[in-house]
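Trainee: First, the structure itself, so that you have it in front of you.
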Amino acid sequence: MSMGKPLPHDSAPMHVTGAARYIDDIPVPADCLHLAFGLSHVARGVISSMDLTAVRTAPGVVRVITAADLPGVNDISSAAHDEPLLAPGEVHYHGQPIFLVVATSHRLAREAAAKAEVVIDPKPAILTIDDAVAVRSYFEGGPLTWKRGDVDPAMAKADTIIEGKIEIGGQEHFYLEGQISLASPQDNGDMVLATSTQHPTEIQHKVAEALGTPFHAVRVETRRMGGGFGGKESQGNALAIACAVAAHLTGKPCKMRYDRDDDMIITGKRHDFRIAYKAGVDAKGKLVAVEFDQYVRCGWSQDLSLPVADRAMLHADNAYFIPNIRITSHRMKTNTCSATAFRGFGGPQGMVGIERVMDHMAHRLGMDPLEFRQANFYKKSKPQETPYGQPVKGFILPDLVRQLADTANYKTRRDAIRTWNEKSPILKKGIALTPVKFGISFTLTHLNQAGALVNVYADGSVTINHGGTEMGQGLFQKVAQVAAGEFGIDMGRVRITATDTGKVPNTSATAASSGSDLNGMAVKNAVDQIKDRIARFLAVDGVKPKDVLFADGKVTAGNTVLSFEEAAKMAHENRISLSATGFYATPDISWDRTIGKGHPFYYFAHGAAITEVVIDTLTGENKILRVDILHDVGQSLNPAVDVGQIEGGFVQGAGWLTTEELVWDDKGVLRTHAPSTYKIPACSDRPDVFNVALWNGENHVPTIYRSKAVGEPPLMLGISALMALSDAVGACGEAYPNLSAPATPERVYMAAKKVGAKR
Amino acid sequence: MYAFELERPTTLADAIKALGGEEAQPLSGGQTLIPTLKQRLAMPSTLVSLTGIDELKGIKNEGGTLTIGGATCHADVAKDGSYPALSDLAGHIGDPHVRNRGTIGGSLANNDPSACYPAAALASGATIVTNNREIAADNYFTGLFETALDEGEIITAVKFPIPEKAAYVKFEQPASRFALVGVFVTKGANGVRVAVTGASEGGVFRWTEAEEALSSNFAPSALEGLSVPADGMIGDLHGTPEYRAHLVGVITKRAVMKAG
Ligand SMILES: Cc1cc2nc3c(=O)[nH]c(=O)nc-3n(C[C@H](O)[C@H](O)[C@H](O)COP(=O)(O)OP(=O)(O)OC[C@H]3O[C@@H](n4cnc5c(N)ncnc54)[C@H](O)[C@@H]3O)c2cc1C
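Note that the protein sequences, when read in sequence, are chains A and B.
The letter at position 227 of the first sequence is residue 218 when you use the numbering used here, and the numbering goes up by one with no holes.
For any residue, its number in the numbering used here is found by taking its place in the second sequence, counting from 1, and adding 2.
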């Protein structure tokens, strides 16, 4: 059986030898053209003149395209139709594409683009959350509030109240493979694209719209991405559409990739947030009321900001029962790049908000933060409802957290750290345990569906195809394990094929951690159909179809034992179809986002992390000393892949909250647009002691082999790093550290200084 | 990149001749100059490579003075070890690529406010030797990216008196690993010298107050209560002037401690 085995990623040997093909490795025809955008150099203004003569006459330039030259709709947005491919007259952020150069090489295209003379009359730009609040620059006209209970009277009766505010920075995806697309024109004006995207179907739809053709005239293929992290959910649209339009106008294949600086400047990032909070507890230390104002910097267009901000609200409770709660979400429209999906999709920011409240309140009460957290967990025995009315079923965090705290010696270490800190005036250690409860499903209910195509060939070899995309996360291997396991054949017989809108149509983005849940089920559904046909054919002489066994490379029907190969050959010769499409739609979900009530999630994934850090109070330098993680993936489809996701998720989450700092200047120019100024964690930054274990259990709802989604949830384990730093800073004095994120050395130093001064 | 002429002389004399031409500029490791050209921040029509000139390369330790050829790369200085603090500094510049290409002459000619070598030269009381004179480090660094070098003048060598005690401590900007603040301290025949890089809007500078305090007591405790004003410190995306000013004090103490 292949299921549950820690098999390496299917492409691992190719990844390390460089043999794995990415879009830029695909050989292109000799006449392939290359594209580059000309970008706005101001954050907001009106284009008063645009002289592109020097661009048109530059070496290698074949064509220059402006908004007026586009054959179809000028839009790259996922839904709102508010994001032109090329600015038609007004520009809304520094780095917005204004025109498109088509040239004989990537370099000539870029060089030509730099020769434009574009005059933009600047208008006052709205850059920060404060700017936007001051002029009420909101999406949807104003804030959105969801609530449960009655916050104000409950707060008035609370024994202890805290109030505060945390700033949470954004995050650059920093996928290793940048955004890239390749379009090849076909017969009848059809277009075939190879694109690095998490959402081939959206690329197909947007390209069709731009060319004015039906969807069937566009086919999009994605074999793998060199990382996506949400940054390739909608951000690939611009390049794919640009390539398709240029290919349509020139009749030649066209390729476009962003230079790294352009990639960082043009594309959206994780939303930065400001979260203001007020929370009250009763005399027993139980939360009675919490109020959040979540300010979200969305950038200039809507993109995915509404569902991102919704998910932040949906995770404002994390693991805690809060009887009275009011969450107000302010989606601010600013003249900065349009913030987009990023692993966790708003969930992490919402969760930082409540974890900050837990940390702050425990500090105020003088309680161990873990005990305070545990005291406020949802009840395990009798499901309590989330603020949005979904009963929290299958809630394992009380047990999981207890087990983690025990095995990692949380209590002893915390006491030891206290003693150590008393004797250490300059270095201070800190420790924190934070839990994760993350809702699994797209909040837009109709996206929770998937299709698959499974072919068995007459020699017994198998290809599988589905709507999910591979971005290094191991989805393809997990789904191949499902197919091999169901057919009872070894992995070598199953060939994984590129995601292709021509094979499986109308797919959803590989996002919301849903890849294996949806596509694993859809593939199983297709496999079941083929098995059923073979079984019916072989079930003779009193053998029932359901008793035909597929195992160990054999098909057994009563006394007849065939190799899988023989069974396939026989079935084919007897005119049995060996190809099937599969389908899956997640059950039991419903959601009304305007009132914020429903059952948006099929289930929750859980996890917890303990992080221990040390800080230097003289400089704010800090280091993660040890991390212990216990994470719930249900019954793991592949423990090796799952542990890899958990390790990577933690490191990426900790990077977001500690070293990764995006800086825009007062002109709205992103100053951190390269690895020389923006620090992502490297291999050497991972914790020296890094213990990751999988929770032993299965999903309480029927998912594929009772497994659970693993893509996004572990990112939020990184919140423990921020809270551990807060704990270490707290050791400098009496006051609460009020640490914002990212907790760079300078922020840690300043916080420690403040806390120390109030001693 | 744009088109330019590349000269590869093998003697100093030929190099100087080539530099006499119009718009000619010396090229050493190219670690700073090539990116500068790519961004068109400079567009010399001729580059005169110095890395093929043997007389500009190599390290000699004679009578307590270390003489390093202008075209010697960081990796060679790191390997040398006769002035341990200097080798330590060179070994922590950038990455292996930068250390095997970048040169001491290029670094000192460039005088980047965040570069490491200027602190070593100033704190050691080094002498910058050019094709036509010798310049004391105290007179050499004249401001941000500014030096006492004349047009076409080449750094042929740098002479470092090896002090009794010395150390360099760099507080790295984590992304690029350039110095957010770097401090080089020495104690030797010239007394105590403290040079600070990365921090000031005027480039590398000597912290004379600290030097005085350390002269009577070469120990971190001697610096207690001393600080540089935030005024005039660099404020950029990596740190505020206040933070940098504070770090100068901390990093100087660390350097003194490291020097022992
Ligand atoms: C990724 C990276 C990280 C780095 N990290 C650090 C760091 O941590 N600390 C640090 O100090 N530096 C750092 N550097 C800078 C590096 O040390 C400098 O690029 C290098 O010292 C410059 O020397 P070069 O030989 O490459 O000079 P070039 O780039 O060839 O030249 C630089 C300038 O000096 C002139 N010049 C060159 N040689 C001479 C000479 N002999 N006489 C007169 N003028 C000359 C050139 O005309 C040019 O104007 C880093 C660089 C990179 C790319």
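The beta-carbon is built from N, C-alpha and C at its ideal position, and this holds for glycine as well.
Could you please give me the residues that DSSP links to Ala174/A through a beta bridge?
Mentor: Start at 1 with the first residue of the first sequence, and residue 174/A comes out as number 183. Ala174/A pairs with Leu184/A and Cys245/A.
Trainee: Going by beta-carbon coordinates alone, are Ala270/A and Ile455/A separated by less than 8 angstroms?
Mentor: Numbered from its first residue, the first sequence carries residue 270/A at position 279. Numbered from its first residue, the first sequence carries residue 455/A at position 464. When the beta-carbon positions are compared, Ala270/A and Ile455/A stay at least 8 angstroms from each other.
Trainee: Chain B beta carbons: is any one of them nearer than 8 angstroms to that of Arg617/A?
Mentor: The residue you call residue 617/A lines up with position 626 of the first sequence. Arg617/A does not count as touching chain B.
Trainee: Looking only at its chain, what residues have a beta carbon closer than 6 angstroms to the beta carbon of Gly341/A, apart from the 5 residues adjacent to it on each side?
Mentor: Here residue 341/A corresponds to residue number 350 of the first sequence, with the count starting at 1. Result list for Gly341/A: Ala303, His306 and Ala307, in chain order.
Trainee: In the region 589 to 625 of chain A, which residue ranges form an unbroken alpha helix (DSSP H) of at least 4 residues, counting only runs that do not cross its ends?
Mentor: none
Trainee: Would you kindly work out how many angstroms separate the C-alpha atoms of Gly646/A and Ala742/A, rounded to a whole number?
Mentor: Indexing the first sequence from 1 puts residue 646/A at position 655. Indexing the first sequence from 1 puts residue 742/A at position 751. Approximately 19 angstroms between the Cα atoms of the pair.
Trainee: Determine, using beta carbons only, whether Gly688/A and Cys723/A come nearer to each other than 8 angstroms.
Mentor: Residue mapping note: residue 688/A aligns to position 697 of the first sequence, counting from 1. Residue mapping note: residue 723/A aligns to position 732 of the first sequence, counting from 1. For Gly688/A and Cys723/A, no; Cβs fall outside 8 angstroms.
Trainee: Name the DSSP bridge partner or partners of Met323/A?
Mentor: Residue mapping note: residue 323/A aligns to position 332 of the first sequence, counting from 1. Tyr129/A and Arg288/A.
Trainee: Using the beta-carbon of each residue, which ones in chain B are nearer than 7 angstroms to Leu609/A?
Mentor: To locate residue 609/A, count along the first sequence from 1; it is residue 618. Ordered by position in chain B, the residues that pass the 7 angstroms Cβ test against Leu609/A are Val252.
Trainee: Does the beta carbon of Tyr166/A sit closer than 8 angstroms to a beta carbon anywhere in chain B?
Mentor: Here the question's residue 166/A lines up with position 175 in the first sequence. For Tyr166/A, the answer is no, since every Cβ of chain B falls outside 8 angstroms of its Cβ.
Trainee: Evaluate the contact criterion for the region 495 to 507 of chain A versus the region 213 to 232 of chain A: three or more CB pairs, one atom per stretch, below 8 angstroms.
Mentor: yes
Trainee: With a floor of 3 residues, list each beta strand (DSSP E) that falls wholly inside the region 378 to 450 of chain A, ordered by position along the chain.
Mentor: 418 to 431 and 440 to 447
Trainee: Along the chain, where does the beta strand (DSSP E) that runs through Met714/A open and close?
Mentor: Start at 1 with the first residue of the first sequence, and residue 714/A comes out as number 723. Membership of Met714/A in any beta strand (DSSP E) is not indicated; the residue belongs instead to the alpha helix (DSSP H) covering Ile710 to Gly721.
Trainee: Grab the span of the alpha helix (DSSP H) containing Arg347/A for me, first residue to last.
Mentor: Locating residue 347/A in the first sequence gives position 356, counting from the first residue. Judged by DSSP secondary structure, Arg347/A falls within the alpha helix (DSSP H) whose first and last residues are Gly338 to Leu356.
Trainee: Please list, in chain order, all residues of the same chain as Ala87/B whose beta carbon is under 6 angstroms from its beta carbon, the five residues on each side excluded.
Mentor: Here residue 87/B refers to the residue found at position 85 when the second sequence is read from its first residue. For Ala87/B, where only same-chain residues beyond five positions count, the Cβ hits under 6 angstroms are Ala168, Ala169 and Tyr170.
Trainee: Compute the Euclidean distance between the alpha carbons of Ser96/A and His25/A, then round it to the nearest angstrom.
Mentor: In the first sequence, the residue the question calls residue 96/A occupies position 105. In the first sequence, the residue the question calls residue 25/A occupies position 34. Between Ser96/A and His25/A, the C-alpha separation is close to 5 angstroms.
Trainee: If you reduce the DSSP assignment to three classes, tell me which class Ser731/A lands in.
Mentor: On the first sequence, position 740 is the one that residue 731/A refers to. Three-state result, Ser731/A: coil.
Trainee: Identify, in the order they occur along the chain, each residue of the same chain with its Cβ nearer than 7 angstroms to the Cβ of Thr668/A, setting aside the five sequence neighbours on each side.
Mentor: Here residue 668/A refers to the residue found at position 677 of the first sequence. Around Thr668/A: Arg662.
Trainee: Buried or exposed: Cys234/A, going by 16 or more other Cβ atoms within 10 Å of its Cβ?
Mentor: Looking up residue 234/A in the first sequence gives position 243. Its Cβ being crowded by 16 or more others within 10 Å, Cys234/A is buried.
Trainee: Phe186/B versus chain A: which residues are under 7 angstroms apart at the beta carbon?
Mentor: Reading the second sequence from its first residue, position 184 is the one you call residue 186/B. Within chain A, no residue comes near Phe186/B; the closest Cβ sits about 18 angstroms away, beyond 7 angstroms.
Trainee: Applying the criterion that 16 or more other CB atoms from any shown protein chain within 10 Å of the CB defines a buried residue, is Thr74/B buried or exposed?
Mentor: Locating residue 74/B in the second sequence gives position 72, counting from the first residue. By the neighbour-count rule (16 or more Cβ atoms within 10 Å), Thr74/B is buried.
Trainee: Indicate whether Pro776/A and Gly544/A have their beta-carbon atoms separated by less than 8 angstroms.
Mentor: Residue coverage of chain A in this structure runs from -8 to 750, which leaves residue 776/A outside it and unanswerable.
Trainee: In chain A, what lies closer than 7 angstroms to Ala177/B by C-beta?
Mentor: Translated into the one-based positions of the second sequence, residue 177/B becomes position 175. Under the 7 angstroms cutoff, chain A gives Pro666, Ser667, Thr668, Tyr669 and Lys670.
Trainee: Alpha carbon to alpha carbon, how far is Ala15/B from Val53/A?
Mentor: As a working mapping, residue 15/B is identified with position 13 in the second sequence. As a working mapping, residue 53/A is identified with position 62 in the first sequence. Roughly 48 angstroms separates the two Cα atoms.
Trainee: Return the CA-CA distance between Gly(-5)/A and Pro578/A, expressed in angstroms with no decimal places.
Mentor: As a working note, residue -5/A is residue 4 in the first sequence. As a working note, residue 578/A is residue 587 in the first sequence. Straight across, the Cα-Cα distance linking Gly(-5)/A with Pro578/A is about 24 angstroms.
Trainee: Using DSSP with H/G/I as helix, E/B as strand and the rest coil, what is Phe206/A?
Mentor: Indexing the first sequence from 1 puts residue 206/A at position 215. In this structure, Phe206/A counts as helix in the three-state DSSP scheme.
Trainee: Using a Cβ-Cβ cut-off of less than 9 angstroms, give me the residues of the region 223 to 245 of chain B that come near chain A, in sequence order.
Mentor: Asp238, Leu239, His240, Gly241, Thr242, Glu244 and Tyr245
Trainee: At the level of alpha carbons, what is the spacing between Arg810/A and Glu725/A?
Mentor: Residue 810/A lies beyond the stretch modelled for chain A, which goes from -8 to 750, so this question has no answer here.
Trainee: Leaving out five residues before and five after Gly31/B in sequence, what residues of the same chain have Cβ atoms less than 6 angstroms from its Cβ?
Mentor: By 1-based counting over the second sequence, the position of residue 31/B is 29. Around Gly31/B: Arg103, Gly104, Thr105 and Gly108.
Trainee: Mind pulling the chain B residues with CB within less than 7 angstroms of Val654/A?
Mentor: Position 663 of the first sequence holds residue 654/A. Within chain B, the residues near Val654/A are Leu239.
Trainee: Are the Cβ atoms of Lys260/A and Glu163/A separated by less than 8 angstroms?
Mentor: Stepping through the first sequence from its first residue, residue 260/A is reached at position 269. Stepping through the first sequence from its first residue, residue 163/A is reached at position 172. In this structure, Glu163/A lies closer than 8 angstroms to Lys260/A by Cβ.
Trainee: Is Arg179/B near ligand 1 - that is, is its Cβ less than 7 angstroms away from at least one heavy atom of it?
Mentor: Position 177 of the second sequence holds residue 179/B. Yes, the beta carbon of Arg179/B sits closer than 7 angstroms to at least one heavy atom of ligand 1.
Trainee: Could you check whether the Cβ of Cys234/A sits closer than 7 angstroms to any heavy atom belonging to ligand 1?
Mentor: In the first sequence, counting from the first residue as 1, residue 234/A sits at position 243. Proximity of the beta carbon of Cys234/A to ligand 1 is not indicated: no heavy atom of the ligand is located closer than 7 angstroms.
Trainee: Measure from the C-beta of Val258/B to each C-beta in chain A and report whether the shortest distance is under 8 angstroms.
Mentor: In the second sequence, residue 258/B corresponds to position 256, counting from 1. No, because no Cβ of chain A sits closer than 8 angstroms to the Cβ of Val258/B.
Trainee: Looking at C-beta atoms only, is the number of pairs between the region 101 to 119 of chain A and the region 19 to 39 of chain A that lie closer than 8 angstroms three or more?
Mentor: yes
Trainee: For Trp647/A, which of helix, strand or coil comes out of DSSP?
Mentor: Locating residue 647/A in the first sequence gives position 656, counting from the first residue. Three-state result, Trp647/A: helix.
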